[in-house]
Amino acid sequence: MSDLPDYTQRLGEPVLSLRGISKNFGAVSALTDIELDVHAGEVVALVGDNGAGKSTLVKILAGVHQPSSGVIRFNGQEVALGSPADALNLGIATVFQDLALCENLDVVANIYLGREQEPWRLDEVAMEVRAWTLLNELSARIPSVREPVASLSGGQRQTVAIARSLLLEPKLIMLDEPTAALGVAQTAEVLNLIERVRARGLGVIMISHNMEDVRAVADRIVVLRLGRNSGVFTPEDSNHELVAAITGASENAVSRRMNRKQASEAMQ
Amino acid sequence: MSQLDQVKSETPPQALDRSDVRVRHDEGIRGTVRAFIDRVRSGDLGMLPVAVGLVVISAVFTALNPVYLAPNNLVNLLFDCATVGIISLGIVCVLMLGEIDLSVGSTSGLASALFGSLWVTQGWPLGFALIAALVAGVVIGSLYALLYNRLGMPSFVATLAGLLALLGLQLYILGNAGSINLPYQSPLVMFGQILMMPKWLSHALGVLPGIFTILVGMRVIRRRREANLSAGGMAGLLFKAAVLTAVIEGVVYYLNLGRGVPWMFGLFVALVIIMDYAFTRTKWGRSMQAVGGNKEAARRAGINVRRIYASAFILCSSFAALGGVLAASRLASSSQQAGTGDVNLNAIAAAVIGGTSLFGGRGSAYSALLGIIVIQAIANGLTLLNLSSSLRYMITGAVLAIAVIVDSLARRSRASHGRA
Ligand SMILES: Nc1ncnc2c1ncn2[C@@H]1O[C@H](COP(=O)(O)OP(=O)(O)O)[C@@H](O)[C@H]1O
Ligand SMILES: [Mg+2]
Chain A
4 MSDLPDYTQR LGEPVLSLRG ISKNFGAVSA LTDIELDVHA GEVVALVGDN
54 GAGKSTLVKI LAGVHQPSSG VIRFNGQEVA LGSPADALNL GIATVFQDLA
104 LCENLDVVAN IYLGREQEPW RLDEVAMEVR AWTLLNELSA RIPSVREPVA
154 SLSGGQRQTV AIARSLLLEP KLIMLDEPTA ALGVAQTAEV LNLIERVRAR
204 GLGVIMISHN MEDVRAVADR IVVLRLGRNS GVFTPEDSNH ELVAAITGAS
254 ENAVSRRMNR KQASEAMQ
Chain B
783 MSQLDQVKSE TPPQALDRSD VRVRHDEGIR GTVRAFIDRV RSGDLGMLPV
833 AVGLVVISAV FTALNPVYLA PNNLVNLLFD CATVGIISLG IVCVLMLGEI
883 DLSVGSTSGL ASALFGSLWV TQGWPLGFAL IAALVAGVVI GSLYALLYNR
933 LGMPSFVATL AGLLALLGLQ LYILGNAGSI NLPYQSPLVM FGQILMMPKW
983 LSHALGVLPG IFTILVGMRV IRRRREANLS AGGMAGLLFK AAVLTAVIEG
1033 VVYYLNLGRG VPWMFGLFVA LVIIMDYAFT RTKWGRSMQA VGGNKEAARR
1083 AGINVRRIYA SAFILCSSFA ALGGVLAASR LASSSQQAGT GDVNLNAIAA
1133 AVIGGTSLFG GRGSAYSALL GIIVIQAIAN GLTLLNLSSS LRYMITGAVL
1183 AIAVIVDSLA RRSRASHGRA
């Protein structure tokens, strides 16, 4: 965990700041006392094993779930995210892991869902043009935006979901395993996109199991384990440390294999 | 696709939505027809089952009794369509969300009783009594919305309870007399029984849909061209408008051979057109489809899902109340029988037969219009044959079963063709 304090000081006030966030589902404590800061123009990767609570945290920030306790500050103001509409209005856009698209609606309708232009006389032409623009920015391979989303592949749906989150010109964008269903070119495109979004000064929270992707774009790596903070790292920190934080043990199969690999590399 | 077409479709500048070579683009009249056939094959049946059904029904009944197709019999049929059709329009709203209102019959009966008693017995002005009946509908719908949104009570159960409770209230209002006669000379009863559009007006209104199709279509084509999107040609548009106008004018001409086009049916069609606009061209309609398709996705998109449910339940009960008042005007009485019997199921069946899915997320205002015409066509034919109501119920039940089967099969076919 090298020189983190310097780094965060350089970034100034965080856009988003969580203190003591906990979430219980009945007897299950999905999250306990989570602390998290995201600055403008910063990509924070959220990593952790399955069930660590990453998606739950994202859903709290998206207003889908309400925290059992804790404080959320956005742009320095304490905020209550009582519903998804609250989060969207603040400028928090989310690409959910369980894709939140309406299969019976076409691509344009999904991208504009809840944000349609001219509520009393939908402007289909303008919406279609903007939809194509967003999709082309993502190099999407979508044959027709007038087909129901049900006819798209998993990766195409993922792209639609990402395009949707960009529509709102958000201040903070959260992507929950955005590349899980994507092909090689599309994954690269999404990572490029994350860098472009950062360059525009947005805060980004990205969840991924792919450490290569994480290291490629993240400024900081926040590890969750069993619903608790388990350390903050930079991409320069060793895989060994990261794996230890994720699994909670310095001695395990993964770390042993890593050690063997490093040892054999050292011998060559 | 011929060599020539290939070249033509690849000449720059390429339309924004034509960059993917995998999609076939249908243009012109042939394209319109071809796209229609493709849609049907994939399970997007649209109006086809209704059209086929109507042809079969009228062939059978005309063979059994030639009076069936006489202009004046069809005029009667349209009068009967209007009342239950308006109730069915409300049912489309709740079905769109994958919910149901089983109490529309009782709501219409209650509205009819309330209207009759306020207007005739209490001596209220007609307008106030009408408004009171509609307000009753709004209150009932709000109650269902409250039970659904706040207590999570399934609409199936809440409205089943409502069916009984509202029927009880209707009987209570009518008291021992059991029925209230409405004055024959009043404008409302005339509206429900004899008022016809002037012939010239019915023909003039008949060309409007075609004209609007062309005007709106041309505007869309122009705007799409400006935005560098592909736009269909004028040929397909003119073809559509011509077919539409020919069909409507033909029907209007035929009805005018008899008594003409009832104003009450005109009101029904106007409401259908308004609701169709609301469903397809407004943010509210888009939200309705979204909530019906995937409630959680709609919520995460920032849609106020509760408000959408409330709007649907309230609209449904209000249309039911309006239908009840019109039914009273048609019969010139508010009685204990109003809204009982097959009113409920006919209203629900009409929406489903017309193509609104029971599973939510798919529906159209026109399904109420088409579905109720099918149902009344059957009921009218059976009445002409002097068949008992026992047989009528069985046949209508069978038709509903067929409609639901068609809906389920089409849904499966859509799923396998990726059309949700
Ligand atoms: N809606 C829910 N109801 C009950 N338990 C939940 C719910 N959502 C998540 N959980 C629990 O919270 C924990 C964290 O889940 P999640 O946030 O999805 O993990 P992940 O890090 O894999 O995204 C899991 O133990 C899961 O079972
Ligand atoms: Mg997850």
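Protein chains in written order, with this note's numbering: chain A, 4 to 271; chain B, 783 to 1202.
Ideal Cβ placement from N, Cα and C applies to all residues, glycine included.
- In the DSSP assignment, H42 of chain A falls within the unbroken beta strand (DSSP E) covering 31–42.
- Within the segment 98–127 of chain A, contact with chain B at the beta-carbon level (separation under 7 Å) is assigned to F99, A103, L104, C105, E106, N107, L108, A112, L116, G117, E119, P122, W123, R124, L125.
- Annotated as proximal: A103 of chain A and R1082 of chain B, with beta-carbon spacing under 7 Å.
- From the listed residues B:I1184, B:A833, B:F1095, the smallest Cα separation to E881 of chain B is found for B:F1095.
- Per DSSP, the unbroken beta strand (DSSP E) holding A96 of chain A starts and ends at 95–98.
- The continuous alpha helix (DSSP H) containing G1074 of chain B extends over residues 1065–1075.
- In this structure, the straight-line span from the alpha carbon of G923 of chain B to that of L948 of chain B is close to 12 Å.
- If you look at R231 of chain A, you'll find it in the beta strand (DSSP E) that goes 231–236.
- The residue among A:G234, A:T250, A:L245 with its C-alpha nearest the C-alpha of L39 of chain A is A:G234.
- The alpha-carbon of D216 of chain A is positioned some 20 Å away from that of A166 of chain A.
- When Cβ-Cβ separations below 7 Å define contact, A43 of chain A makes no contact with chain B.
- The distance from the Cβ of G898 of chain B to that of I962 of chain B is about 4 Å, consistent with a contact at the 8 Å cut-off.
- Between the C-alpha atoms of G85 of chain A and G891 of chain B there is a straight-line separation of about 41 Å.
- Out of A:L205, A:E106, A:E192, the CA that lies nearest to the CA of E150 of chain A is found in A:E106.
- Neighbourhood of S168 of chain A in chain B, by CB distance below 8 Å: empty, with the nearest CB roughly 11 Å away.
- D883 of chain B counts as buried, since at least 16 other C-beta atoms from the protein chains shown sit within 10 angstroms of its C-beta.
- In this structure, I1055 of chain B keeps its C-beta atom at 7 Å or more from the C-beta atom of V1073 of chain B.
- Against chain A, the CB of I1085 of chain B has a partner CB under 7 Å away; the residue lies at that interface.
- Shown in chain order are the members of the segment 40–67 of chain A whose Cβ falls below 8 Å from a Cβ of chain B: A65, V67.
- T1064 of chain B has a beta carbon lying within less than 7 Å of a beta carbon in chain A.
- P1044 of chain B carries a strand assignment under DSSP once its states are collapsed to helix, strand and coil.
- Our two residues, A1103 of chain B and A1080 of chain B, have alpha carbons roughly 30 Å apart in a direct line.
- For N27 of chain A, there is no enclosing alpha helix (DSSP H); the enclosing beta strand (DSSP E) covers residues 17–28.
- Our two residues, V41 of chain A and D52 of chain A, have alpha carbons roughly 21 Å apart in a direct line.
- At a C-beta separation below 7 Å, A947 of chain B has no neighbours in chain A, since its nearest C-beta there lies roughly 33 Å away.
- Between N1076 of chain B and chain A, the shortest Cβ-Cβ separation is below 7 Å.
- In terms of CA proximity to G999 of chain B, B:L1020 leads the group B:G1121, B:V989, B:K981, B:L1020.
- Around P87 of chain A, the beta-carbon contacts reaching into chain B at under 8 Å are R1081, R1082, A1083, G1084.
- In this structure, the CA atom of A1024 of chain B is about 7 Å from the CA atom of G992 of chain B.
- The three-state reading of DSSP puts A48 of chain A in strand, counting E and B together.
- With respect to the 7 Å criterion, A1129 of chain B and S870 of chain B are classified as neighbours on the basis of their beta carbons.
- At a cut-off of 7 Å between C-beta atoms, R1005 of chain B counts as an interface residue with respect to chain A.
- Look at L175 of chain A: its C-beta is not under 7 Å from any C-beta on chain B.
- Contacts with chain A (Cβ-Cβ distance below 9 Å) from the segment 986–1019 of chain B involve V1002, R1005, R1006, E1008, A1009, N1010, L1011, listed in chain order.
- I1184 of chain B: member of the alpha helix (DSSP H) spanning 1171–1198, first to last residue.
- Nearest CB-CB separation between L84 of chain A and chain B: not below the 7 Å threshold.
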